[in-house]
Amino acid sequence: MRWFGFEELGAIKLYEVVALREEVFVVEQRCAYLDADGLDPRARHLLAHDGSGLAGYLRTFPPGALRAEAVIGRVVVRQDQRGTHLGRRLMNEAWSTLQATHGPVPVFLSAQAHLRGWYEGLGYAVSGAGYDEDGIPHLPMVRAPG
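Structure follows, in structure tokens:
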């Protein structure tokens, strides 16, 4: 697992990130949406590789960049890696890094509603009403510092 700034990704790693996000969020979930949302240059990117390439990914934003809280987004694990706890490891690394870098800060994420229990198991709690995002039910969730 390794962190990158946008400029550090380079063409090959950026292509891997876009390909995995499209494979899961667009093709697998049958959701036509604009993945290139213009936010990647402002994010830190956590990539997890295995022998087959990019196995998991997420991006983070510091407090105040998108909202008052720090933000974790685009959490994705390649289909053949689900059930290996890679998603949990990515999320724990993101939480630890955000806390170490920015002090004790709350962390926000926009969770697909069917993953509510999984995120609750990581310490996140629903923080508002559910909403539709690109045809998929989502929930705002926050993990308090400490």
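When we follow the working numbering, the leftmost residue of the sequence shown carries the number 326, and every step to the right adds one.
Note that the Cβ used here is the ideal one computed from N, Cα and C, for glycine as well.
Neighbourhood of residue 464 by C-beta distance below 7 Å, restricted to the same chain and skipping five residues each side: Sequence index remark: in the sequence shown, residue 464 carries index 139 (1-based). If the five residues before and after residue 464 are omitted, its C-beta is found closer than 7 Å to the C-beta atoms of 436, 438, 441, 451 and 455, all from its own chain and listed in chain order.
Residue span of the alpha helix (DSSP H) that contains residue 436, given as start and end: For this step, residue 436 is matched to residue 111 along the sequence shown. Careful: residue 436 lies outside any alpha helix (DSSP H), inside the beta strand (DSSP E) at 432-437.
Contact between the stretch 427-435 and the stretch 332-349 (3+ Cβ pairs under 8 Å): Contact between the stretch 427-435 and the stretch 332-349 is absent: fewer than 3 CB-CB pairs across the two stretches fall below 8 Å.
Cβ-Cβ separation, residue 409 to residue 397 (assumed contact under 8 Å), whole Å: Here residue 397 corresponds to residue number 72 of the sequence shown, with the count starting at 1. Here residue 409 corresponds to residue number 84 of the sequence shown, with the count starting at 1. Contact doesn't hold; Cβ gap of about 19 Å is too wide.
Under the three-state DSSP convention, the category residue 355 falls into: Residue mapping note: residue 355 aligns to position 30 of the sequence shown, counting from 1. If DSSP states are grouped into helix, strand and coil, residue 355 belongs with coil.
From 403, 352 and 332, residue whose alpha carbon lies closest to that of residue 375: As a working note, residue 375 is residue 50 in the sequence shown. When the alpha-carbon of residue 375 is set against those of 403, 352 and 332, the nearest one is in 403.
Candidates 389, 394, 372 and 390, of which the one nearest residue 416 by Cα: Start at 1 with the first residue of the sequence shown, and residue 416 comes out as number 91. Looking at the Cα atoms, 372 is the closest of the given residues.
Residue span of the beta strand (DSSP E) that contains residue 382, given as start and end: As a working mapping, residue 382 is identified with position 57 in the sequence shown. 378-386 is the span of the beta strand (DSSP E), which, as asked, contains residue 382.
Straight-line Cα distance separating residue 387 from residue 423: Mapped onto the sequence shown, residue 423 falls at position 98. Mapped onto the sequence shown, residue 387 falls at position 62. Each residue's alpha carbon lies about 7 Å from the other.
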